[in-house]
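Here the numbering used here = 1-based position in the sequence shown + 424.
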Amino acid sequence: TPPHMLRWTQRPIPEAWLQDSSAPPRLLTKAACDSEAQYELGLEYLRGGTVVENVRLAGHWLLRASETRRLSDGDGHARADFLLATLTREGEGRPLSQVQYLQHLARAARGSLAPAQVELGRLRIAGALGLPRCLSRGASLLHRAALAGDVSAMKDLARQPAAQMAVASSCDWWSLAAQAGDAEALCELAQH
């Protein structure tokens, strides 16, 4: 696939768009080979702050960020992959692709991005989107996200049946979420 082709839209990006004069020149120059600059440029196109909002161009630069990082260290760009998963899930620029959504989500989760771990963990526990139901893998992803401080992962773990939680009890997870300032967790602890 040529670098100016978005796989998730399967339509070429017009070359003139890639030379967008509204994009910050500093970012355009750095984006030629720097994955972090490519990610920042993708964010700019998503937000529409210093450039005209353009979801296709955002996807282009986020995909480039992920591929550039993957070529250099083999892991990809977790934040770019998570945004690409979100764009794919929401059908931005094309119909929903469960396969591409799950690929980007899995890459982001492997990159230790807690929101991706939570989302993939929930999908694993539910056996959703064609993934086999796997409580241990789902709980493991939630556990990693919870240890990184993700309150929603702590609460999901607290809601799991005790037999599935070998690491900590439901009250332990509610307590950690409450310590992080979560009101729902405080209420749950008050009821126990």
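From the three backbone atoms N, C-alpha and C, an ideal C-beta is built for every residue, glycine too.
Annotated as proximal: Ala538 and Ala569, with beta-carbon spacing under 8 angstroms.
Of the residues Trp598, Ala572 and Val542, the one whose Cα lies closest to the Cα of Arg561 is Val542.
In the displayed model, Ser521 falls within coil according to three-state DSSP, outside both helix and strand.
In this structure, the alpha-carbon of Leu508 lies about 8 angstroms from that of Tyr525.
The closest CA to that of Leu555, considering only Gly472, Glu514 and Leu544, is found on Leu544. Straight through space, the alpha carbons of Ala504 and Asn478 are spaced by roughly 16 angstroms. One Cα belongs to Gln522, the other to Leu613, and the distance between them is close to 37 angstroms. Counting along the chain, no alpha helix (DSSP H) covers Arg557, and no H or E run does either. Within the same chain, Cβ atoms closer than 8 angstroms to the Cβ of Ser599 are found at Ala609 and Leu613, the five residues on either side in sequence being excluded. In the three-state scheme derived from DSSP, where H, G and I count as helix and E and B as strand, Cys457 is classed as coil.
Going by beta carbons, His501 and Ala489 fall inside the 8 angstroms limit.
Residues Ala609, Leu610 and Leu613 of the same chain have their beta carbon placed closer than 7 angstroms to that of Ala602, with the five preceding and five following residues left out of the count. DSSP places Leu610 inside the alpha helix (DSSP H), whose first and last residues are Ala607 to Gln615.
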